[in-house]
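Worksheet: the structure to be examined is printed underneath.
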Amino acid sequence: MKFSERMDLVKTNRLCFNCLSQYHNLPNCNSKSSCLVCKKSNHHTLLHKYPDPLCFERLEDTATTQVQFADNRQPSQDSPVQEHINSNVSFFINGNAKSVLINTARVYVTDSRGQKRPLRAILDSARENNFITTDASRALRD
Numbered sequence: 000m001k002f003s004e005r006m007d008l009v010k011t012n013r014l015c016f017n018c019l020s021q022y023h024n025l026p027n028c029n030s031k032s033s034c035l036v037c038k039k040s041n042h043h044t045l046l047h048k049y050p051d052p053l054c055f056e057r058l059e060d061t062a063t064t065q066v067q068f069a070d071n072r073q074p075s076q077d078s079p080v081q082e083h084i085n086s087n088v089s090f091f092i093n094g095n096a097k098s099v100l101i102n103t104a105r106v107y108v109t110d111s112r113g114q115k116r117p118l119r120a121i122l123d124s125a126r127e128n129n130f131i132t133t134d135a136s137r138a139l140r141d
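Counting from 0, one number per residue, gives the positions in the sequence shown under numbering that gives the first Met the number 0.
In structure tokens form, the structure reads like this:
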């Protein structure tokens, strides 16, 4: 949802800009919470206005990799795994932003020799697919 749509929703429903409560407005808000981005207490984090991006770069990387279980077992009916995944991965980076646009986590994955290897995972709860880069796949196999 765009910033303007979020603002319209709050205004239309007469919600508090700070805590989004429907029972009071901003001047009567007793919440100690503040925006997690700018630390101001006059708006909720979801209502923070980010500057309009001036410079976006489109980065595309086509990756083909083979997905296997680390312990070399075969996929079962309960855990279907596609043998080959060919995906066109596109994402955008704001050249001027100093904030994180998508969540990541450092995870430890067991490789083919039983060693735990650190990898960076991108956390996107809206996706129904899982991807692994060719480099990460090679590192887990070798």
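Beta carbons: idealized from backbone N, C-alpha and C, even for Gly. The model shown is predicted, which means the values in this text are computed figures rather than measured ones.
In the DSSP annotation of this structure, the continuous segment of the beta strand (DSSP E) that includes Val108 starts and ends at 102-109. The three-state reading of DSSP puts Pro117 in strand, counting E and B together.
A residue is called buried when at least 16 other Cβ atoms come within 10 angstroms of its Cβ; Leu45 does not meet this threshold and is exposed. In this structure Cys18 is in contact with Cys28, their Cβ atoms being roughly 6 Å apart against a cut-off of 8 Å. Burial state of Leu122 is exposed, judged by a 10 Å Cβ sphere holding fewer than 16 other Cβ atoms. Within its own chain, the residues whose Cβ lies closer than 6 Å to the Cβ of Leu35, once the five positions on either side in sequence are excluded, are Thr44, listed in chain order.
Minimum Cα-Cα distance from Thr103 among the listed residues Arg112, Leu118, Pro26 corresponds to Leu118. The beta-carbon separation of Arg116 and Ala138, rounded to 6 Å, stays under the 8 Å limit for a contact. Between the alpha carbons of His47 and Ala120 lies a distance of about 26 Å.
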